[in-house]
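In the numbering used here, the protein residues as written are 476 to 1037.
Even for Gly, the Cβ is constructed at its ideal location relative to N, Cα and C.
Take a look at the structure below.
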């Protein structure tokens, strides 16, 4: 890119002047730029590049390349300097950004992602509907009021449908997952996949989850018999890995029997490995469109190869042998063979094998980690509150006994207090502590004309921080399942509890995740008692590297048979 092309980028010029300039030979356009003083924006970037161009012409065409590089550096420097003052110039409250990390100073060295969101929320929560934020060097909106969150997630959803994350299905097939997709492709894919998670489909998959839970409690008991101190986080992750591996791929993952099973290892790697490291991921998500043009990929090659192979083999085997299991994979195969979705351009196509792999991959990677983390933190809190633990245990035992000694799909609705325990755990330990959106058109916050969200701007809704706001939850740092009694839930706005998001783009797998957690917790609590021990972390130490809420060293508890 040379000086001239930089000068005539559309953002530097008025729309009216762009067409006129295109009629001039390149070497004469700067004369027109001076003559057309009334038409050209008085933009500092244009001025600097113009001066550099004149110097380059003075020293000779041979030096033009060198001066072009100098101009580019100056352009980027000016853009960086002006961008750092974006919110200050508008009078919107914000922190002075770090030169590289923006508002996320200390990230992964002294602060977790959740620390960043929580600290910022506490600092500005009473200052207005949102605060200014810098996602690295990119200006972003940091939502402070539930009323604005409700507009973004529900009432004005059509203006905020996209998440704005990097995805590049053409070069990186597993990035073509529902969570990352935008536009028409997301809408159509969401519509098709919604039928996978209906109550009827949950009922079909329920016996499979219960079957795995029996094996889970057997392995759990063996470990507790061998040693009274059990690190529960890893065991819970192996349980959810086997559940989702079975429901999504129809495969016996065997991670409960073998902690080094291939699926378990790949599950760990899927959450921790990528192609370009932490800074690379930051670049991909800060500049997703540019990254796609550069044909960059996010998924590590071994992970892509593993899941693509598993999906291709599973689909081929089921189609050749006409096997149906009424699970997630069946639904994806139906989309491949019988149903149609729309591309981002609006064209109708069938689901490809790569798209099947992407949906199965996100169902697996997201499902096993979020549910196992939630159950781990629930046991951590119950170990500190034996009275609450006993109450929920009695409920589980009575309900299971009522239904002939087995958990049934119908019995789940009677585990009311267990559901409150899980909901309260999700409030205190919101696994995905921030919701991301991108503005699709300029939006003025009602009754706040100064607060304008510009088209293309990233939006952060700090759900985890809001969950610990005393305006919505009295004594917010205390574990209190009564926060989710039917009476309190009825009187609470839905956007004051957002572990699964809200509105049309909430978590599509919410029902499955809740079902999996309820089954796992009920089966454990009816047979085992949990208490703290010397190895239990107080206070909880969190993983600095993880975008999710995650324990740094695991969760060790004393376990006894009831």
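Item	Value
Residues that residue 610 bridges to, as DSSP identifies them	577 and 613
Residues that DSSP places opposite residue 911 in a beta bridge	935
Integer-rounded CB distance, given that residue 664 should sit under 8 Å from residue 722	Not quite, the Cβ-Cβ distance comes to about 19 Å (not below 8 Å), so this is no contact.
Alpha carbon of residue 770 to alpha carbon of residue 648, nearest angstrom	12 Å
Simplified DSSP state of residue 1003, which is helix, strand or coil	strand
Minimum C-alpha distance to residue 585 - residue among 1035, 1019, 658 and 1027	1019
Inter-residue CB distance, residue 561 and residue 614 (contact presumed, cutoff 8 Å)	4 Å
Inter-residue spacing [alpha-carbon to alpha-carbon] between residue 604 and residue 622	8 Å
Host alpha helix (DSSP H) of residue 897 (start-end)	891–903
With 16 other Cβ atoms within 10 Å as the buried cut-off, status of residue 953	exposed
DSSP three-state assignment for residue 694, whether helix, strand or coil	helix
Endpoints, alpha helix (DSSP H) assigned at residue 962	961–965
Contacting residues, own chain, Cβ-Cβ under 7 Å from residue 850 (five flanking each side not counted)	711, 992, 995 and 996
Neighbourhood of residue 624 by C-beta distance below 6 Å, restricted to the same chain and skipping five residues each side	618, 936 and 970
Per DSSP, cross-strand counterpart(s) of residue 784	Its beta-bridge partners do not exist; DSSP assigns none.
Buried versus exposed, by CB contacts within 10 Å (16 or more), residue 592	buried
Exposure of residue 742, with buried meaning 16 or more beta-carbon neighbours within 10 Å	buried
Outcome for residue 498 when other beta-carbon atoms lying within 10 angstroms are tallied against a minimum of 16	Residue placement at residue 498 is poorly supported in this model, since its pLDDT is 42, which falls under 50; the coordinates are not used for a value here.
Coil, strand or helix - residue 882 by DSSP	coil
Residues near residue 890 by beta carbon distance below 8 Å, same chain, minus five either side	870, 871, 874, 993 and 997
Whole-angstrom distance between residue 942 and residue 903, CA atom to CA atom	7 Å
Cα-Cα separation, residue 863 to residue 857	7 Å
Helix, strand or coil at residue 1037 [DSSP, three-state]	coil
Beta bridge counterpart(s) of residue 1031 as assigned by DSSP	706
Buried versus exposed call for residue 1030 [16 or more other C-beta atoms within 10 Å across all chains shown]	buried
For residue 744, the first and last residue of its enclosing alpha helix (DSSP H)	737–747
Candidates 914, 1000 and 1006: closest to residue 658 by CA position	914
Coarse secondary structure for residue 724, derived from DSSP in three states	helix
Local conformation of residue 948 per DSSP, three classes	coil
Collapsed DSSP secondary structure at residue 1023 in the structure displayed	coil
Distance between residue 543 and residue 837 (C-alpha atoms, nearest Å)	44 Å
Rounded Cβ spacing between residue 655 and residue 668 (contact assumed at less than 8 Å)	So it is not a contact: roughly 14 Å between Cβ atoms.
Beta-carbon contacts of residue 965 that lie in its chain and below 8 Å, excluding the five residues immediately before and after	none
Contact the segment 975–983 vs the segment 1004–1021: 3+ CB pairs below 8 Å	no
Counted within 10 angstroms of its Cβ, other Cβ atoms place residue 772 as buried (16 or more) or exposed	buried
Identity of the residue in 972, 928 and 962 nearest residue 947 by Cα	972
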